[in-house]
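Participant: Sending over a structure as structure tokens; questions will come in a sec.
Number of protein chains: 2
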Amino acid sequence: MDDLQDRGFSTGTAASLASLFNPRTVAVIGASSVIGKWGQMILSNILAGRFPGKTFPVNSGGGTLCGLSSYKRIQDVTEPIDLAVITAPADALREVVNECCEKGVRGMVVITSGFSEAGEEGRRLEEELVSLSRAAQMIMIGPNTMGILCPHAGLFASGAHSRPRKGTVAFVSQSGNLGTQLIHWADQQGIGISLFVGSGNEAMVTCSDYLEYLESDPHTETIILYMESVKDGHRFIEVSRRVNRSKPVIVLKGGRTEAGKVASASHTGAMHGESAVFGAACKQAGLIEVSAPSELLDLSAAFSSLPLPRGNRVGIVTLGGGWGVVTADQCNEKDLLVPDIPDHIVRTIGSFLPPFWSRRNPIDLVGTKDPQVPLVAVEELLKWDGVDAVISLGIVGRHELVQLLVQSVREVDPGVTSSHLSQLESASREYEKAYVARMADLMAEYRKPVIGVSLARTREGTVRHQQGKPYHPVFYQTPEDAVNVLARMVQYHEYKARS
Amino acid sequence: MDDLQDRGFSTGTAASLASLFNPRTVAVIGASSVIGKWGQMILSNILAGRFPGKTFPVNSGGGTLCGLSSYKRIQDVTEPIDLAVITAPADALREVVNECCEKGVRGMVVITSGFSEAGEEGRRLEEELVSLSRAAQMIMIGPNTMGILCPHAGLFASGAHSRPRKGTVAFVSQSGNLGTQLIHWADQQGIGISLFVGSGNEAMVTCSDYLEYLESDPHTETIILYMESVKDGHRFIEVSRRVNRSKPVIVLKGGRTEAGKVASASHTGAMHGESAVFGAACKQAGLIEVSAPSELLDLSAAFSSLPLPRGNRVGIVTLGGGWGVVTADQCNEKDLLVPDIPDHIVRTIGSFLPPFWSRRNPIDLVGTKDPQVPLVAVEELLKWDGVDAVISLGIVGRHELVQLLVQSVREVDPGVTSSHLSQLESASREYEKAYVARMADLMAEYRKPVIGVSLARTREGTVRHQQGKPYHPVFYQTPEDAVNVLARMVQYHEYKARS
């Protein structure tokens, strides 16, 4: 730990981060009225996101920005400043940071780029800013970041104007534009966020620091990381292993291959000497390593919403045979078992179905229109101690096809009243809603995950948040996504059971 | 070929299929007014799809259906019938088929299930129907199918009411409900369809027959297959190898694993004795085998819209570094090369960018707002004989983030006029449209594929069809989809070059 203290980190870092991520006052230094400039995007995002604290635009030219009077220098603000988000140009940063020190600002997020990622001169300037900040006990995130989001504090201080709901997933990304887009996906998919940090060049605060902070952050239960480099390999192994035991850590490493490394070197200015260390860290620490950005989100949706499966045996419920076949294949290919079901389940489900149904797992409900049957089938499987998880296909998502059918009938069948068609549509919509709610209850009762596959590109998100419930149903569009997620959850459970 | 004639197939089969897929008159036998019944769904779909020929509902109870007088028996229709779509119950089918024979119906699509997939009795009935039909020289698709779609003939005779646009992709699926959903995806993704056939139990017409038909179908350029079993393994190898040389054949085999086989046995009643033959066929014939339904669509979008790459060297253009890194990694992992770019390209692109840009492939445009730069970068790469394809990320799709920004400004900045914001929005929308059109022109000029990654889940489809152009830009949401598609195109090109 001596080494860590040498680098200036201590329990103080976590406290400083806590203050930075929960500020009462925020200054935007370099605030602007020019749409598309960072100083404009950050300011308007904070305001449109209804930050409950006070916001102070700082702009050397003064004037009014978004209806607020701006300040020429941070020192002109009379109130103490918890967080300064800095978008001023790189060559002004020495002065800006000095002013922040003088003002006693507690923490900074430096959006500005043109530092270590841009060459030797930038590297020297970056080091100087770190020294200045450290001397003033001021914490600095970045530089070269796209900002932070703290939904629980009502603060959305990033360039992208997506504002995902409050939740339990924390996301640390070394790449700004990748982070931006994934935050947008999280919003679209209904994934609740506890914190987003664009960690940028990590001149002062590294991934390991964020992990330590998140370990004790009460809002965070799942952590996703996009990393191109590790500045402190040994510490990263130690910290991530420890954190991963209580909060699953899902990692995408950029620069795994030669082509990726070349690309990454000019991107975050990171050295890749430690990439062997990194690979080892993931394995040893039981981290959940993925190979695509979309997987980060798919997995975070599941880990933050579902109970962990206690084994690899899967029950499959499908409205139609083909999807069952495909899903069973995919389960087998990911080392998940699809066990045969016992006679009592065959009898119970069979009492609802025509005699030629499959009588097997996958349970093919042969397109039944009886709304009870899918519920019975899923519950019978969950009750049975022969499966650890259930995948259900096509039950939620069918509404999209019902809507198309209703629209056709409206066009061509004068014999059907419009109100009858509206009733059909709303019954199908309500059924899906009730099914989703029921899945949440069944998961709470049996503590086994039910993973839904909608088969449709519905406008609703992956996570169907159920207020006040311990678990939340998730619906992926494709079986391969559902199977992949389940396989990774099983691996994580096995790692935890072993270690 | 003797063997084929023994089984009743000849060049006559292709002619019969051509007539069946381009009917002037269609009867729906078992037509119904009960919403959700097959006889209702098929009839309303044909009518709502504005079939240009004549439609005759046949229902033993008579009466009016969708505003049309129905016929009690097919014989009551005075006009000749090219196609009968049959939804009557299985136990009525012997009589129905006899009536069709008597009437001289040219072809049947039998939706009804409960045949060989349901047991021995069903298998015997199925064989009997085949004999009856053969004797009357009447071709039969199915039974146990969800129907057919023939967009070029204006005929949508399936249970699902998605109506993808006319195009060049033919899709044969042994599973009805998988086919249904994929057709819906094709519609959402803007993939144009030449033909969809739910081949069902393939009692008379098999996948090999459809392939032979599609080989000479002028509308079809790409073929996708979902198969759980092969009835005529040797012939399938011979036919698919031949067809695949001129029209890429993309195949998903259901029942690749033990669990999948078990599921499939009770689904289509298929025997899996020949699954070894099948695996061999795919490899020998150079078929493009995939492992997930979504891949069938992703690949068909690319193969039907883009020129084939003539090698595996990829240029990457990205608005931000992280996505470039991730894409380069994924290329390397799929055996695609990301070569370094020559000085003249560095100079040309560099003249538009700040000095700290990557100067490398991936070309990171460091978030440039200059609308010309992405176009210049893509064209410089296409011109250069050092790459065979270009992947461009985030240029189309950014509009979604622009919209969010504009919405925030509208809410919080009284200093900006509404008309200025509308202008910004429409300029960004128009730019993306112009970019898409330009990509179509560049592909026509340089005969190399440009694969777009939108990074956004836009409402627009994967394929952006450009009327009258030889190639059509495609945009996937994620780099992994784009890279996978490109890698499979490269493999196909290599196979063709070798064979």
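As they're listed, the protein sequences go chains F and D. If you use this note's numbering, the first sequence corresponds to residues 1197 to 1695, in order. If you use this note's numbering, the second sequence corresponds to residues 1197 to 1695, in order. Beta carbons: idealized from backbone N, C-alpha and C, even for Gly. Just so you know, these numbers come straight off a predicted model, no measurement behind them.
1) How would you call Asp1566(D), buried or exposed, if buried means at least 16 neighbouring beta carbons within 10 angstroms?
2) Between Val1401(F) and the rest of its own chain, which residues show a CB-CB distance below 8 Å, the 5 nearest in sequence each way excluded?
3) As a quick exercise: from Ala1280(D), Ala1244(D), Ile1559(D) and Pro1489(D), pick the residue whose alpha carbon is nearest that of Asn1255(D).
4) Between the alpha carbons of Gly1350(D) and Ala1244(F), how many angstroms are there, rounded?
5) Quick check: does the Cβ of Lys1299(D) come within less than 8 Å of any heavy atom belonging to the ligand COA?
6) Using the Cα positions of Val1365(F) and Ile1419(F), report the straight-line distance between them to the nearest angstrom.
7) In the DSSP output, what is Leu1601(F) paired with across the bridge?
8) Between which residues of its own chain and Leu1620(F) is the CB-CB distance below 8 Å, once the five residues before and five after are set aside?
9) Any Cβ of chain D within less than 9 Å of the Cβ of Cys1297(F)?
10) Taking Cβ-Cβ distances shorter than 8 Å, what residues in chain F pair up with Lys1565(D)?
11) On the three-pair Cβ rule with 8 Å, is the region 1677 to 1693 of chain F touching the region 1501 to 1514 of chain F?
12) With contact counted as at least three CB pairs below 8 Å, one residue from each stretch, are the region 1487 to 1506 of chain D and the region 1374 to 1385 of chain D in contact?
13) Per DSSP, what kind of secondary structure is Cys1262(F) in: helix, strand or coil?
14) Going by DSSP, name the residue or residues bridged to Ile1420(D).
15) Among Thr1251(D), Tyr1688(D), Val1659(D) and Ser1354(D), which has the Cα closest to the Cα of Gln1480(D)?
16) Report the option in Ile1387(F), Phe1392(F), Val1426(F) and Gly1343(F) whose CA atom is closest to the CA atom of Cys1177(F).
17) When you compare the CB positions of Arg1330(F) and Pro1347(F), do they come within less than 9 Å of one another, or not?
18) Within the continuous alpha helix (DSSP H) that includes Glu1313(F), where are the two ends?
19) What do you get for His1415(D), buried or exposed, if any count of 16 or more other CB atoms within 10 angstroms of its CB means buried?
20) Under 9 Å, CB to CB, which of the residues in the region 1407 to 1423 of chain D have a partner in chain F?
21) Let's see if you can read the secondary structure: which residues bound the alpha helix (DSSP H) around Ile1379(D)?
22) Quick check on Ala1244(D) - is its C-beta less than 9 Å from some C-beta in chain F?
23) What residues from chain D crowd round Arg1653(F), counting only those whose CB sits closer than 7 Å?
24) Under 9 Å, CB to CB, which of the residues in the region 1554 to 1584 of chain D have a partner in chain F?
25) Going straight from the alpha carbon of Tyr1627(F) to that of Ser1371(F), what length do you get?
26) Against chain D, with Cβ distances strictly below 9 Å, would Pro1675(F) count as a contact?
27) Reducing DSSP to helix, strand and coil, say where Met1467(F) ends up.
28) Is Lys1427(F) helix, strand or coil when you go by DSSP?
29) Tell me whether the beta-carbon of Leu1289(F) lies closer than 9 Å to the beta-carbon of Leu1321(F).
30) What do you get for Gly1300(F), buried or exposed, if any count of 16 or more other CB atoms within 10 angstroms of its CB means buried?
31) Hey, out of Gly1249(D), Lys1579(D), Thr1544(D) and Thr1523(D), whose CA is closest to Leu1638(D)'s CA?
32) Which of helix, strand or coil does DSSP assign to Arg1509(F)?
33) What residues match up with Met1237(F) in a beta bridge as DSSP calls it?
34) Nearest by alpha-carbon distance to Pro1645(F): which of His1540(F), Ser1369(F) and Val1670(F) is it?
35) What's the C-alpha gap between Ser1229(D) and Leu1261(D)?
36) Count the other CB atoms, across all protein chains shown, that sit within 10 Å of the CB of Asn1528(F); report buried if there are 16 or more and exposed otherwise.
Facilitator: Checking against the coordinates, here is how it stands:
1) Taking the first residue of the second sequence as 1, we reach residue 1566(D) at position 370. That one is exposed.
2) Mapped onto the first sequence, residue 1401(F) falls at position 205. Once the five neighbours on either side are set aside, the close Cβ partners of Val1401(F) are Thr1209, Leu1213, Ile1335, Met1336, Ile1337 and Ser1395.
3) Here residue 1255(D) refers to the residue found at position 59 when the second sequence is read from its first residue. For Asn1255(D), the nearest C-alpha among the options comes from Ala1280(D).
4) Counted from its first residue, the second sequence places residue 1350(D) at position 154. Counted from its first residue, the first sequence places residue 1244(F) at position 48. When rounded, the distance between both Cα atoms is 49 Å.
5) This structure lacks the ligand COA, and indeed carries no ligand of any kind.
6) Numbered from 1 along the first sequence, position 169 holds the residue referred to as residue 1365(F). Numbered from 1 along the first sequence, position 223 holds the residue referred to as residue 1419(F). Answer to the nearest angstrom: the Cα atoms are 6 Å apart.
7) Taking the first residue of the first sequence as 1, we reach residue 1601(F) at position 405. Partner(s): none; Leu1601(F) has no beta bridge.
8) Here residue 1620(F) is taken as the residue at index 424 of the first sequence, counted from 1. Leaving aside the five residues that flank Leu1620(F) on each side, the residues in its chain whose CB is nearer than 8 Å to its CB run, in chain order, Val1598 and Val1602.
9) Start at 1 with the first residue of the first sequence, and residue 1297(F) comes out as number 101. So, not an interface residue.
10) Residue 1565(D) sits at position 369 when you count from the first residue of the second sequence. Within chain F, the residues placing a beta-carbon under 8 Å from that of Lys1565(D) are Gly1232, ordered along the chain.
11) yes
12) yes
13) Here residue 1262(F) corresponds to residue number 66 of the first sequence, with the count starting at 1. Here Cys1262(F) sits in coil by DSSP.
14) Stepping through the second sequence from its first residue, residue 1420(D) is reached at position 224. Looking at the DSSP assignment, Ile1420(D) forms a beta bridge with Phe1367(D) and Ile1446(D).
15) The residue you call residue 1480(D) lines up with position 284 of the second sequence. Minimum Cα distance to Gln1480(D) is reached at Tyr1688(D).
16) Past the boundaries of the shown model lies residue 1177(F); chain F is included only from 1197 to 1695, so the question cannot be answered.
17) Taking the first residue of the first sequence as 1, we reach residue 1330(F) at position 134. Taking the first residue of the first sequence as 1, we reach residue 1347(F) at position 151. No.
18) In the first sequence, the residue the question calls residue 1313(F) occupies position 117. Segment: none, Glu1313(F) is in no alpha helix (DSSP H) and carries neither H nor E.
19) Along the second sequence, read from residue 1 onward, the residue named residue 1415(D) stands at position 219. So His1415(D) counts as buried.
20) Tyr1422
21) Here residue 1379(D) is taken as the residue at index 183 of the second sequence, counted from 1. From DSSP, the alpha helix (DSSP H) with Ile1379(D) extends over Gly1372 to Gln1385.
22) On the second sequence, residue 1244(D) is found 48 positions in, with the first residue counted as 1. Yes, its Cβ sits closer than 9 Å to a Cβ of chain F.
23) Mapped onto the first sequence, residue 1653(F) falls at position 457. The answer, in chain order, is Gln1384.
24) Ser1554, Arg1555, Arg1556, Asn1557, Pro1558, Asp1560, Val1562, Gly1563 and Lys1565
25) Counting from 1 along the first sequence, the entry for residue 1627(F) is found at position 431. Counting from 1 along the first sequence, the entry for residue 1371(F) is found at position 175. Tyr1627(F) and Ser1371(F): Cα-Cα distance of roughly 42 Å.
26) Within the first sequence, residue 1675(F) is the residue found at index 479, counting from 1. Cβ-Cβ to chain D under 9 Å: yes for Pro1675(F).
27) Residue numbering aside, residue 1467(F) sits at position 271 when the first sequence is read from its first letter. Interpretation of Met1467(F) is limited by its pLDDT of 45, a score under 50 that renders its predicted location unreliable; no figure is taken from the coordinates.
28) Within the first sequence, the letter at position 231 stands for residue 1427(F). If DSSP states are grouped into helix, strand and coil, Lys1427(F) belongs with coil.
29) The residue given as residue 1289(F) occupies position 93 in the first sequence. The residue given as residue 1321(F) occupies position 125 in the first sequence. It is a contact, given that the beta carbons lie within the stated cut-off.
30) Taking the first residue of the first sequence as 1, we reach residue 1300(F) at position 104. Of the residues assessed, Gly1300(F) falls on the exposed side of the cut-off, its CB having fewer than 16 other CB atoms within 10 angstroms.
31) For the purposes of this step, residue 1638(D) is identified with residue 442 of the second sequence, where counting begins at 1. For the residues Gly1249(D), Lys1579(D), Thr1544(D) and Thr1523(D), the minimum Cα distance to Leu1638(D) belongs to Lys1579(D).
32) Residue numbering aside, residue 1509(F) sits at position 313 when the first sequence is read from its first letter. Of the three classes helix, strand and coil, the one that applies to Arg1509(F) here is strand, per DSSP.
33) In the first sequence, residue 1237(F) corresponds to position 41, counting from 1. The partner list for Met1237(F) (beta bridge, DSSP) is empty, contrary to what the question assumes.
34) Within the first sequence, the letter at position 449 stands for residue 1645(F). Considering only alpha carbons, the answer is Val1670(F).
35) Here residue 1229(D) refers to the residue found at position 33 when the second sequence is read from its first residue. Here residue 1261(D) refers to the residue found at position 65 when the second sequence is read from its first residue. For Ser1229(D) and Leu1261(D), the distance between alpha carbons rounds to 6 Å.
36) Counting from one through the first sequence, the residue named residue 1528(F) turns up at place 332. Buried, by the Cβ-count rule.
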